[in-house]
Every structure is written in structure tokens, then in C-alpha cells.
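Q:
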Amino acid sequence: MKGSVNVENDYSIELKAMPSLFSLYRKIFFGRKPGWNEQPLPRIYVSVSNVSLSQDKVAQYSSVCGFDFDGTTLPMTYMYVMAFRLHAAIFIHDGITFPLLGMIHLNNSISQYRMLNVDEKFDIECTLTSSTVTDSGLEFDLVSKAFVDGELVWESSSTYLYRIENGKRRIRPPKANAMAWESPEAWSLDDDLGRRYAKASGDYNLIHLHPILSKRFGFDRVLAHGMWSKARCIAQMMPQIGERPCKVDVAFKLPLLMPADVTFDSEADEDDLVFELRDKRGRRPHLSGKISFL
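In C-alpha cells:
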């Protein structure tokens, strides 16, 4: 890894290869971060070229998330798995003074401009673009892009929250949207789902792995990965999506503690599709989303 800094205190890092999970998590778990220094976050750019994918890893991911992998076509959310390693490279950068563990993923948007194949070579880049102080803490955005032969084929934007306890805001429970919720699907999630998704995706955040670990962050049970929830919802709607280019926006709502029974439903909203993942009774939302066709 080699990096440079310019006069605006921005950083640009060009990786020679995709970083290994071992090296990233060694720094995440054992590195020392003092905490947010109350300064705006620097703009940090990380890129890697000519990335190859593993058909076996894509198949494993597809199985965990409910996609029907044909051996060739990538699930829409799989490029996020690859981009996440660049997210982690940003999180361990010296310009970020607070730890990754315990951060909250607020929302995610993915745009896919054509179907992607497992045999293609990808150039991937990720940029920490902006940060904002809110009543809940420090929010910041990571924008990821994937190119094939110079063509932008996929991009994603995620907003994260580094929580600051300041007592200024009273958080209200989120409400479900106004969907008819007439014939929802019912899913049962085992408590090992977090470990299976971590193995398939490389996201080993401790709150998803074991109750002993999640209790350190105030949860008696393990939490489902937000991006698993998004992927599972998209997999359910693939017959409606087909091969059309689209943008999928989601907001992560209430934490999904496992084991759990949940419900899912979707419906048309003019030219778009709206969907939601709720609790067993269909009252409390875990994820709300919309699909817009491009």
C-alpha cells in the first residue's frame, strides 16, 4: 500500500492487489484508535485494479443470501463484498481516529448499469467523500465504483454513523411505511446466519458472530448484517427485476436480532418497486427500500 497527501489533507491510496482480510482485521481488532478528534474527516480515496473473482466464493455468497447463481451472473450486491475491503482500508487509515467496531450502517444505495459476469476483471475504487455532525454523532459517506475496461458498471453509496453520546436527541422507534402488506413472505433466521454471512462476505464485525461478543456492544443476541438483509430482499425480487439496470436504495431501521422470524413484502409504486423487511407480526421495520429502474 502506498499513499500520498495533498495540501487539502486528502489522501490517495493505490493498492497493488486486493488487501487480505487477515491483514485488515488484525489492524481493526488490535489497532489502537483514540476516538474522534472532532475534526471533519479527510477525503480518502482507495483504488485497486484488475480484480478477479472466485466462482466458489460467489456461489457461497449466493447460497447464504438466497440468490440463484447460474455460475456466471453476479448477484447485484456481490460487488459490495469486494468494495468492503476498500472500506476497511479507509477505516484503518490514520486519518480516521475512531474504531470501526460498533459503527452503525444507516443506509445503502446500489446502482447496477448492466449484468456483471464472474469472469470479468474489475477496477474498484472507494472514496470517503463527506462527513457531517448530527445529534446522533458523526455521519460520513463512502462511495464505491466498479469499472470494466473503463466503463462504469456498478456503484454504491453507504452512510455510516459513529455514535456520540451527547443526550441531545431522543430516538423514536421507526415506523413501517404505508404498504398494503397483504401477502408477506415469512422467513426464519437461525442464530448462525451472521457467521455464515461473515464467512461468505468477509464482514466479521463482532456484533454478528456470537452473543458473548455482541454483548460488548449492548446486544444480548447477535445481529443480522444489514447488507445480508438487503441482499436477501433483492434475491426475493429478482423475478421482477430480471436483467434491467436499476438502483436499489435501502434504509436500515431496527436491529434484527437472531434467531428471529421476519416478514417481507413488496409492491409497485408507479414505475418503482417498494419493499420492507419487518418483524414476525409485520409491524416493526428492520429495512425499508425502493427499486428504481434506470
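In UniProt numbering, the protein residues as written are 1 to 294. Yeah, the Cβ is synthetic: ideal placement off N, Cα and C, and Gly gets one too. None of these values were measured; they are calculated from a predicted model.
Taking Ser-20 as the reference, give the member of Ala-89, Asp-56, Asn-50, Cys-126 with the closest Cα.
A: When each option's Cα is compared against that of Ser-20, the closest is Ala-89.
Q: Between the alpha carbons of Leu-142 and Lys-253, how many angstroms are there, rounded?
A: Each residue's alpha carbon lies about 19 Å from the other.
Q: Keeping to the same chain, check which residues put their C-beta closer than 6 Å to that of Ala-200; ignore five residues upstream and five downstream.
A: Here the set comprises Gln-60, Tyr-61, Val-64.
Q: Under DSSP, the alpha helix (DSSP H) around Asp-191 begins and ends at which residues?
A: That residue, Asp-191, is in no alpha helix (DSSP H); it is neither H nor E in DSSP.
Q: How long is the line joining the alpha carbons of Gly-167 and Ser-183, rounded to whole angstroms?
A: Any answer about Gly-167 is weak, because its pLDDT of 48 lies below 50 and its placement is not dependable; what the coordinates show is given next. Straight-line Cα distance between these residues: approximately 40 Å.
Q: Spatial neighbours of Leu-209 within its chain, please: C-beta separation below 7 Å, excluding the five flanking residues on both sides.
A: Excluding sequence neighbours, Leu-209 sits near Gly-194, Arg-195, Ala-198, Val-222.
Q: Ordered along the chain, which non-local residues of its own chain (more than five positions away) have a Cβ less than 6 Å from that of Glu-120?
A: Around Glu-120: Val-148.
Q: For Trp-154, which residues in the same chain have their Cβ closer than 6 Å to its Cβ, ignoring the five residues on either side in sequence?
A: Counting only Cβ-Cβ distances below 6 Å, and skipping sequence neighbours, we find Met-79, Gln-112, Ala-146.
Q: Mark Glu-151 as exposed unless 16 or more other C-beta atoms lie within 10 angstroms of its C-beta, in which case mark it buried.
A: So Glu-151 counts as exposed.
Q: Which partner residues does Asp-269 have in the DSSP bridge list?
A: According to DSSP, Asp-269 bridges with Asp-272.
Q: According to the neighbour-count rule (16 or more other Cβ atoms, all chains shown, within 10 Å of its Cβ), is residue 368 buried or exposed?
A: Nothing can be reported for residue 368: it is not among the residues displayed for the chain, which extend from 1 to 294.
Q: Label Glu-243 either buried or exposed according to how many other C-beta atoms from any shown protein chain fall within 10 Å of its C-beta, with 16 as the threshold for buried.
A: Glu-243 is exposed by the Cβ-count criterion.
Q: Taking all protein chains shown into account, do 16 or more other C-beta atoms lie within 10 angstroms of the C-beta of Thr-77, making it buried, or fewer, making it exposed?
A: Buried, because 16 or more other Cβ atoms sit within 10 Å of the Cβ of Thr-77.
Q: Apart from the five residues on each side of it in sequence, which residues of its chain come closer than 6 Å, Cβ to Cβ, to Thr-263?
A: Around Thr-263: Pro-184, Ala-186, Arg-278, Gly-282.
Q: Quick check on this structure: which residue in Tyr-162, Lys-280, Cys-246 has the alpha carbon closest to the alpha carbon of Glu-97?
A: Here residue 97 is Thr; the residue named in the question, Glu, does not match the sequence. When only C-alpha atoms are compared, the closest one is Tyr-162.
Q: I'd like to know whether the C-beta atoms of Met-103 and Val-51 end up nearer to each other than 7 Å.
A: No; because the gap between Cβ atoms is not below 7 Å, this pair is not in contact.
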